[in-house]
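All residue numbers for the sequence shown refer to my numbering, where the first residue is 605 and numbers rise by one. Beta carbons are placed, not taken as given, at the ideal position from N, Cα and C, and that holds for glycine. On a predicted model such as this, the values are computed, not experimentally measured, just so you know. Beneath this line is the structure, given in structure tokens, with notes to follow.
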Amino acid sequence: MTQRDSTHSDELFKLAILLILAYFVPIVGIGFAIYLILYSRNNTVEKWIPVLAWIALLVQALPVILAIIAFASFAAI
605 MTQRDSTHSD ELFKLAILLI LAYFVPIVGI GFAIYLILYS RNNTVEKWIP
655 VLAWIALLVQ ALPVILAIIA FASFAAI
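Written as structure tokens, this is what we have:
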């Protein structure tokens, strides 16, 4: 294994860990997903990383948006 392969492997491992945390850590997962999306725009990464980052962003953002809507609608009563 060359130094470049080792660096790529380490980087891929770091991105995979951030992606897993983006799904399981509420609120902070939105930040992880945004970081992965921005990182994948500036660097060459596997195709599945930005796709899963967008899905993680939607999975994390949807309940937050629904909670804000629910809170706003019941606060007006």
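Next item on the list: May I have the straight-line CA-CA distance separating Val649 from Gly635, to the nearest angstrom?
Entry: Working through the sequence shown from its first residue, we reach residue 649 at position 45. Working through the sequence shown from its first residue, we reach residue 635 at position 31. Note on geometry: alpha-carbon atoms of Val649 and Gly635 lie some 19 Å from one another.
Exercise. Quick one: measure Cβ to Cβ for Ser644 and Ala657, integer angstroms, because I've assumed they're closer than 8 Å.
Key: For the purposes of this step, residue 644 is taken as residue 40 along the sequence shown, with counting starting at 1. For the purposes of this step, residue 657 is taken as residue 53 along the sequence shown, with counting starting at 1. Your pair Ser644 and Ala657 checks out as a contact, with CB atoms roughly 7 Å apart and the cut at 8 Å.
Assuming contact is defined by CB atoms lying nearer than 7 Å, are Ile660 and Ala626 in contact in what I supplied? Locating residue 660 in the sequence shown gives position 56, where the first residue counts as 1. Locating residue 626 in the sequence shown gives position 22, where the first residue counts as 1. Correcting the residue type first, residue 660 is Ala in the shown sequence and not Ile. It is a contact, given that the beta carbons lie within the stated cut-off.
**Request:** Run through the stretch 634 to 675 for me and flag every whole alpha helix (DSSP H) of 4 or more residues, listed as ranges in chain order.
**Result:** Here no run is fully enclosed.
Margin query: Please state the DSSP three-state secondary structure of Val632.
Written below: Position 28 of the sequence shown, counting from 1, holds the residue named residue 632. It is helical.
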